[in-house]
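Asks: Chains as they are written, first to last, in my numbering: chain A, 737 to 1160; chain B, 435 to 793.
Here a beta-carbon is modelled for each residue, glycine too, at the ideal position from N, C-alpha and C.
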Amino acid sequence: MPVWLREFRWRQTPAAVYLSLPLHGVRVTSANIFCTDQYLKVSVPPFLFEAILYAPIDDTNSTAKIGNGIIFFTLYKKEVAMWDSLTLSNANKEKLQYLRENAVLKAHEKAKEETEAKKVTKQEHKKYALEATMKLEEAERKRIEDLKEKERQKVTEELELWRKEQKDTEKQKRVQKEEELHQEVEQLKEKKKEKMNKAGIPNEGTSKTRLKPTKGCCGSYSMFSENLKEEQLPAPRSAATIKIDFTPRVFPTALRESRVAEEEEWLRKQAEARRTINADLSELEDLKEEEKNPDWLKDKGNKMFATGNYLAAVNAYNLAVRLNNKLPLLYLNRAACHLKLRNLHKAIEDSSKALELLTPPVPDNENARVKAYVRRGTAFCQLELYTEGLQDYEAALKINPKNKTIEKDAEKIRHLIQGTTQDS
Amino acid sequence: MSSAGLERPQVVAHVQQALNYTLFDCKWVPRSARLLCLGSAARGTGVLQLHELRGGRLVLLSEIEKAKPIKCGTFGATSLQQRYLATGDFGGNLNIWNLEAPEIPVYSVKGHKEIINSIDGVGGLGIGEGAPEIVTGSRDGTVKVWDPRQKDTPVANMEPIQGESKRDCWTVAFGNAYNQEERVVCAGYDNGDIKLFDLKTMSLRWETNIKNGVCSVEFDRKDVNMNKLVATSLEGKFHVFDMRTQHPTKGFASVSEKAQKSTIWQVRHLPQNRDIFMTSGGAGSLHLWKYEYPAQRSKKDSEGAEMGVAGSVSLLQNVTLSTQPISSLDWSPDKKGLCVCGAFDQTVRVLIVTKLNKV
């Protein structure tokens, strides 16, 4: 329950009301004072003072001075009149309530208006600031453009001058040349005239023909001088050929196109693989020297495969693998043997192992990979696992799309699959 | 932009002209304000256009159409009075034209089996001494040197050994032509090979490989004892070789710089200052560089053999003019700072580089 403050003093002039409200022991801030044009409230918990004013006041201009223990209100009346009392006397509860709410609403509206006005002014300020900066930047840019333009114009003028000079010098040269030629003609004419005069009349008839050769001579005179100049140049070089060769490249693609990193890795792997020797010396002491060489064993295996002796080939490859289990070709060839021997599961195993070793995929090991895929595909098909087989064939085709046999076989498998699905 | 930035040389675009054909090469006509544009029209014929720079515009003086598209041209091997243009075209033909009577070439030979990618001339224009010669490099892997006075056969032929797979030759340049006998030809190939052929001894003097295809090579001066060679390549790198000291095994010292991500199509040295050169790039940009010599140009290595020391390269300015590669660049030999560049967006631009005196 708030404590109502009732001790207040007031006095009035026709234009204003002066109200002093004592408040002891509490600190009052502007937040505690609420005033609209007909309602005044001071609420400092637990104290409360409210007054419904006799007549409307101008609440924007009215002030409240908060001093030590007292608030001094200066309320400017809207209408110049003398009030009978500070508050409306016949105020029943409902009216009070209504007035209070009204007051609050009014205050709200006012606050809203104020914020909106503030916003508007803020926007305007911002806009102004932006325009100002834009202007500054424009000015700067223009200054630089002007400098550039000036340079350009200066250079253009210089260019024009230079061009005119060129034209003039060319003209001069041409005129000079003509003059020289003219002079030469004159000179020769003079000489011929003298000769003719000496020779007498009979040469008149031939004079015309003579004049022509002089002109020709004149022409050849200038040609002659040019020939002299040419003589000063050395004769054309005697023809010769220089043979060249180009820097070899392991992979003939441009640097940016080559997958150098992968290719280097592949080469490294190959080199390493050749070097590994998993020698199990105790068992292999009986073997001859050459039989310990995986490459030799591989060749042996190939030869036996060619003659049809598949079991022996498999033995050879097995031994080779024991010596060096990193050579993909061994697995590849053994897979072929197993295929022929119809050890299909083993064939699949070996082709898979070979494919594993044939990473990273580079153009170098294309052929090997194609073979591995084809062999594994064949094994799958013979086991009637047609879908896996088709997958491998398609992989092989992707590497080498130009191989017709692979294409045909892939087609056959597809038909088979479609046939079986239709049946079932 | 700081004022220090404005003190550097600026590249100002003076004139821009749109053309209706693909432009492969553009060259200034010496001793004049005229420039020549060489290219290929849409219907597959060659186009030669002569423009003059007048006021702030390029005025078309004449247009000549030829059977095959023209890839490259040079004035390097003609005298100043004649100013004949030597061109290489897509069919492997080398022709020399008199621009005042361009119907019939002054000299013509089917020099190569495939397109002539690059051409250079030496001995003309009052620069250097010795016979005028033209060198052409072609996609058939051969580099041939021609003398306009000798018909049909080249005076020097650098070709692959029989059976060797060939690599395209992308660029050629003359150098070291400081007296009547000495001359070298430098050729760059698409696998990154750079080969230096000595024409006096008719032998291969030096070769190296810079890993990426060589788009353009140029000596800083053709008519002096060879001083510097700049070679540009794909993937934005270029190398500057110091050619004064050749080490028996290590060859020439070099410094390399990666300018940008795209191919550097051309390098051209400023005729008036051989330490400044401009590179043009695949992203339509131009970079202006200055080479600084080291304190000592050569030093002795552990065995006492002389080896060169490469200096350093600094970027003076760069500017982006186009979105398409700038494939050709030429400085005017008469006006310092004036240059023309042609790009694959079918525009030819005349540029002025300012403040080169203060560099």
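(1) Which two residues bound the contiguous beta strand (DSSP E) that contains A:ARG1078?
(2) I believe B:VAL543 touches B:ASP586 by the beta-carbon criterion, under 8 Å. Please report the beta-carbon distance rounded to the nearest angstrom.
(3) Output the boundary residues of the beta strand (DSSP E) element that contains B:ALA607.
(4) Taking only three categories from DSSP, how would you classify B:THR679?
(5) Mark B:GLY647 as exposed unless 16 or more other C-beta atoms lie within 10 angstroms of its C-beta, in which case mark it buried.
(6) Measuring CB to CB, does B:LYS514 end up less than 7 Å from B:LEU472?
(7) So A:LEU895 contacts chain B; which residues on that side make the cut at Cβ distance below 9 Å?
(8) How many angstroms separate the CA atom of B:PHE631 from the CA atom of A:ILE978?
(9) Do B:ALA744 and B:SER688 have their CB atoms nearer than 7 Å?
(10) What does the alpha-carbon distance come out to for the pair B:GLN758 and B:GLY562?
(11) Evaluate B:TYR518 with the Cβ neighbour count: other Cβ atoms within 10 Å of its Cβ, from every protein chain shown; 16 or more gives buried, anything less gives exposed.
(12) Taking B:GLY716 as the reference, which of B:PRO705, B:PHE778 and B:GLN730 has the closest Cα?
(13) Reducing DSSP to helix, strand and coil, say where A:THR765 ends up.
(14) Taking Cβ-Cβ distances shorter than 9 Å, what residues in chain B pair up with A:LYS1138?
(15) Beta carbons nearer than 7 Å to chain A: which residues of the stretch 590-612 of chain B have them?
(16) In chain A, which residues lie with their C-beta within 8 Å of the C-beta of B:PRO588?
(17) Rounded to the nearest angstrom, what separates B:ALA611 and B:ASP554 at their Cα positions?
(18) Strictly by DSSP, which residues pair up with B:VAL743?
(19) At which residue ranges does the stretch 1029-1088 of chain A contain complete beta strand (DSSP E) runs of 3 or more residues, listed in the order of the chain?
(20) With 16 other CB atoms within 10 Å as the buried threshold, where does B:SER650 fall?
(21) Any contact of the stretch 677-691 of chain B with the stretch 765-772 of chain B, i.e. 3+ C-beta pairs under 8 Å?
(22) Using alpha carbons as the reference points, say which of B:GLN444, B:GLY478, B:THR713 and B:LEU453 lies closest to B:GLN780.
(23) Following a CB-centred definition, is B:ARG617 positioned closer than 6 Å to any heavy atom of the ligand ZN?
(24) Note down the Cα distance separating B:VAL556 from A:ALA1132, rounded to an integer number of angstroms.
(25) Examine chain B for any beta-carbon lying closer than 7 Å to the beta-carbon of A:GLN902, and answer yes or no.
(26) Would B:PHE631 count as contacting chain A if we go by Cβ distances under 7 Å?
(27) So B:SER637 contacts chain A; which residues on that side make the cut at Cβ distance below 7 Å?
(28) So for A:TYR1129, helix, strand or coil by DSSP?
(29) For the stretch 511-531 of chain B, which residues have a CB atom closer than 7 Å to at least one CB atom of chain A, in sequence order?
(30) Whole angstroms are fine: how far does the CA of A:GLU885 sit from the CA of A:GLU967?
(31) Look at the Cβ atom of A:GLN738, then the Cβ atom of A:PRO782, and state whether they are nearer than 7 Å.
(32) Let me know if B:GLU737 comes out buried or exposed under the rule of 16 or more other beta-carbons within 10 Å of its beta-carbon.
(33) Could you name the residues of the stretch 557-584 of chain B whose beta carbon sits closer than 7 Å to any beta carbon of chain A, in the order they occur along the chain?
(34) Residues of chain B with a CB under 9 Å from the CB of A:ASP981: which are they?
(35) Report all residues from its chain with a CB closer than 8 Å to the CB of A:GLU1102; omit the five preceding and five following residues, and keep chain order.
(36) From the beta carbon of B:ASN551, is the nearest beta carbon of chain A less than 7 Å away?
Replies: Let's see:
(1) In the DSSP assignment, A:ARG1078 falls outside any beta strand (DSSP E), carrying neither H nor E.
(2) 6 Å
(3) 603-609
(4) strand
(5) buried
(6) Here the sequence assigns Leu to residue 514 of chain B, which means Lys is not the residue at that position. B:LEU472 is positioned such that its CB atom lies no closer than 7 Å to that of B:LEU514.
(7) HIS448, ALA467, LEU487, LYS769, LEU772 and ILE786
(8) 8 Å
(9) Yes. Within cutoff.
(10) Their Cα atoms are separated by approximately 36 Å.
(11) B:TYR518 is buried by the Cβ-count criterion.
(12) B:PHE778
(13) coil
(14) What A:LYS1138 touches in chain B: nothing, since even the nearest Cβ is about 22 Å away.
(15) ALA590, ASN591, MET592, GLU593, PRO594, ILE595, GLU598 and ARG601
(16) ALA975
(17) 13 Å
(18) According to DSSP, which records beta bridges pairwise, B:VAL743 is partnered with nothing at all.
(19) none
(20) buried
(21) Fewer than three Cβ pairs drawn from the stretch 677-691 of chain B and the stretch 765-772 of chain B lie within less than 8 Å of each other, which leaves the two stretches out of contact.
(22) B:LEU453
(23) Ligands in the displayed structure: none, and consequently the ligand ZN is not present.
(24) 56 Å
(25) yes
(26) Yes - at least one Cβ of chain A is within 7 Å of the one on B:PHE631.
(27) ILE978
(28) helix
(29) Sequence-ordered contacts of the stretch 511-531 of chain B with chain A are nonexistent [C-beta pairs closer than 7 Å].
(30) Because the pLDDT of A:GLU967 is 45, which lies under 50, any placement of that residue in the model is unreliable, and the number read from its coordinates should be weighed accordingly. Near 51 Å, if we compare the C-alpha coordinates of A:GLU885 and A:GLU967.
(31) It should be pointed out that residue 738 of chain A corresponds to Pro in this sequence rather than to Gln. It is a contact, given that the beta carbons lie within the stated cut-off.
(32) exposed
(33) GLY564, ALA565, ASP581, ARG583 and GLN584
(34) PRO594, ILE595 and GLU598
(35) ILE1135 and ASN1136
(36) no
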